[in-house]
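See structure below.
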Amino acid sequence: MSTAHEITYRCPYCGRDFTITVYDSVNAVTDPDLRERCISGDLFRHSCPHCKTDFMIQNPLVYSDPSRKFLLWLSNEEASEDLCRMAQPLVKQGYTLRRCGTLQEFTEKIQIFEDGISDIVVELAKYDSFIEFIDTRNGNPEEVTSVEYQKCEDGVMKINVRTDDKGLSFLIPTAMLEEEVRVQSDRYEADNSHFPRINSDWLISLFTETAGEA
Ligand SMILES: [Zn+2]
Numbered sequence: 040m041s042t043a044h045e046i047t048y049r050c051p052y053c054g055r056d057f058t059i060t061v062y063d064s065v066n067a068v069t070d071p072d073l074r075e076r077c078i079s080g081d082l083f084r085h086s087c088p089h090c091k092t093d094f095m096i097q098n099p100l101v102y103s104d105p106s107r108k109f110l111l112w113l114s115n116e117e118a119s120e121d122l123c124r125m126a127q128p129l130v131k132q133g134y135t136l137r138r139c140g141t142l143q144e145f146t147e148k149i150q151i152f153e154d155g156i157s158d159i160v161v162e163l164a165k166y167d168s169f170i171e172f173i174d175t176r177n178g179n180p181e182e183v184t185s186v187e188y189q190k191c192e193d194g195v196m197k198i199n200v201r202t203d204d205k206g207l208s209f210l211i212p213t214a215m216l217e218e219e220v221r222v223q224s225d226r227y228e229a230d231n232s233h234f235p236r237i238n239s240d241w242l243i244s245l246f247t248e249t250a251g252e253a
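FYI, the numbering for the sequence shown is 40 to 253, going by our numbering.
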């Protein structure tokens with residue numbers, strides 16, 4: 040079941056108040072329409088009835104998908120002790136728990152886990168794509184605006200490296216990276232119990248730690 044509450048919101052553009060519905064939790068299985076509104080971003084898009092301005096509000100949200108066993112905490116803040124405690128039974132059931140700091144991370148995670156692959160493998164693929172863009176395509180790292188997961192089909196991930204005026208797509212097979220994660224499971228382990236945030240910063244922090252030890 041999904042839960043929501045209404046709040047009075049002051050429009051940042053015209054300063055007038057109106058009521059909006061804010062979701063606290065979304066269950067992708069019981070509410071497939073809400074799942075779609077999460078992926079499209081519509082759930083966070085609001086329109087002021089007074090001045091008609093559209094804007095996004097990223098409220099904290101717990102997104103669960105029991106059929107694929109993952110739970111996402113969308114928030115700028117770390118998961119609270121209460122939330123971690125409540126989620127412990129799910130960790131035991133084999134759920135993947137993640138925190139997403141941005142809407143972009145949030146929608147990407149939904150897609151990755153719906154595709155049935157590991158987001159750690161995806162982060163390695165994004166990193167490899169970024170390096171290939173710079174090393175073999177002579178790309179300028181400062182021009183890269185984002186590195187995004189697009190899809191995974193027949194064991195091959197499609198990763199897009201975007202710049203302001205163009206973008207390049209890379210096809211990365213999952214098998215080799217899955218093997219790398221398996222062989223170095225200590226290094227790439229993510230502790231589900233505290234909703235880790237798995238993104239490029241996380242991966243780079245692993246590389247930096249290793250360099251420090253060497
Ligand atoms: Zn307004």
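Positions of the beta carbon are idealized from the N, C-alpha and C atoms, including for glycine.
Nearest-angstrom Cβ-Cβ length linking residue i and residue j, presumed shorter than 8 Å
i: Ile156; j: Cys123; result: With a Cβ gap of about 25 Å, Ile156 and Cys123 do not count as contacting.
i: Lys148; j: Asp158; result: 6 Å
i: Asp63; j: Val101; result: 7 Å
i: Cys139; j: His89; result: Between His89 and Cys139 the Cβ distance is about 31 Å, and since that is not below 8 Å, they are no contact.
i: Thr141; j: Gly80; result: 11 Å between Cβ atoms; not a contact.
Straight-line gap, residue i to residue j (C-alpha atoms, nearest Å)
i: Ile59; j: Thr247; result: 43 Å
i: Ile46; j: Val61; result: 7 Å
i: Arg74; j: Ser86; result: 20 Å
i: Val195; j: Met40; result: 34 Å
i: Glu117; j: Arg226; result: 22 Å
i: Ser168; j: Arg55; result: 46 Å
i: Tyr48; j: Pro99; result: 15 Å
i: Arg107; j: Val65; result: 14 Å
i: Met127; j: His233; result: Position check: residue 127 holds Gln in this sequence, whereas Met was assumed. Looking at the two C-alpha atoms, the distance is approximately 9 Å.
i: Asp240; j: Glu162; result: 10 Å
i: Glu187; j: Phe57; result: 35 Å
i: Ser103; j: Phe94; result: 25 Å
Counted within 10 angstroms of its Cβ, other Cβ atoms place residue i as buried (16 or more) or exposed
i: Thr184; result: exposed
i: Ala253; result: The pLDDT assigned to Ala253 is 47, lower than 50, so where the model puts this residue is not dependable; a value taken from the coordinates is nonetheless given after this. It counts as exposed.
i: Ile237; result: buried
i: Ala214; result: exposed
i: Arg137; result: buried
i: Leu210; result: exposed
i: Pro235; result: buried
i: Asn179; result: exposed
i: Asn231; result: buried
Where the alpha helix (DSSP H) through residue i begins and ends
i: Ala118; result: Looking at the DSSP string, Ala118 is not in any alpha helix (DSSP H), and its letter there is neither H nor E.
i: Ile149; result: Leu142 to Glu153
i: Asp168; result: Per the sequence shown, residue 168 should be read as Ser rather than Asp. That run of the alpha helix (DSSP H) goes Asp158 to Asp174.
i: Ile16; result: This structure does not reach residue 16, given that the chain is present from 40 up to 253, and the question cannot be answered.
Boundaries (first-last residue) of the beta strand (DSSP E) holding residue i
i: Thr213; result: Element bounds for Thr213: not the beta strand (DSSP E) but the alpha helix (DSSP H), Thr213 to Val222.
i: Phe57; result: Asp56 to Asn66
i: Leu136; result: Thr135 to Cys139
i: Asp93; result: Asp93 to Met95
i: Gln189; result: Val183 to Glu192
i: Leu100; result: Leu100 to Asp104
i: Met40; result: First-last for Met40: undefined, no H or E at that position.
heavy atom of ligand 3 below 7 Å from residue i C-beta
i: Thr58; result: Among the ligands in the structure shown, ligand 3 does not appear; only ligand 1 can be found there.
Under 7 Å, CB to any heavy atom of ligand 1. Which residues pass, going along the chain? Those satisfying the condition are, in chain order, Cys50, Tyr52, Cys53, Arg55, Cys87, His89, Cys90 and Thr92.
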